[in-house]
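First the structure, in the form of structure tokens, and then the observations on it.
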Ligand SMILES: [Zn+2]
């Protein structure tokens, strides 16, 4: 027969809380990857001078490279 002492209650509570955290993390990670892949596809820019690839959500013309801070056309 299983005895519910403090260690057993602590272990069950720890396992349940870790399962909840892991489940929430997996849910948001998998959902975020699907949304991010389709949403960010049109925002990729590549700097002509240093070759840095970055996301430009503002769609400015000319673009400002975050690495070398030079302006270039999209
Ligand atoms: Zn650059």
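Numbering (the working numbering), first residue to last: 20 to 93.
Don't be surprised by glycine CBs; every beta carbon is placed ideally from N, CA and C.
Please read all numbers here as calculations on a predicted model, not as lab measurements.
Residue 68 CB to nearest heavy atom of ligand 1 below 7 angstroms: Locating residue 68 in the chain shown gives position 49, counting from the first residue. Yes, since a heavy atom of ligand 1 falls inside the 7 angstroms radius drawn around the Cβ of residue 68.
Residue 58, buried or exposed, once every other Cβ within 10 Å from all chains shown has been counted against 16: For the purposes of this step, residue 58 is taken as the residue at position 39 of the chain shown. That one is exposed.
Backbone CA spacing between residue 26 and residue 32 [nearest angstrom]: Translated into the one-based positions of the chain shown, residue 26 becomes position 7. Translated into the one-based positions of the chain shown, residue 32 becomes position 13. So the two alpha carbons sit approximately 10 angstroms from each other.
heavy atom of ligand 1 below 7 angstroms from residue 79 C-beta: Residue 79 sits at position 60 when you count from the first residue of the chain shown. No.
Other residues of its chain near residue 91: CB distance less than 8 angstroms, five sequence neighbours each side excluded: Looking up residue 91 in the chain shown gives position 72. Counting only Cβ-Cβ distances below 8 angstroms, and skipping sequence neighbours, we find 66, 67, 68, 81, 82 and 84.
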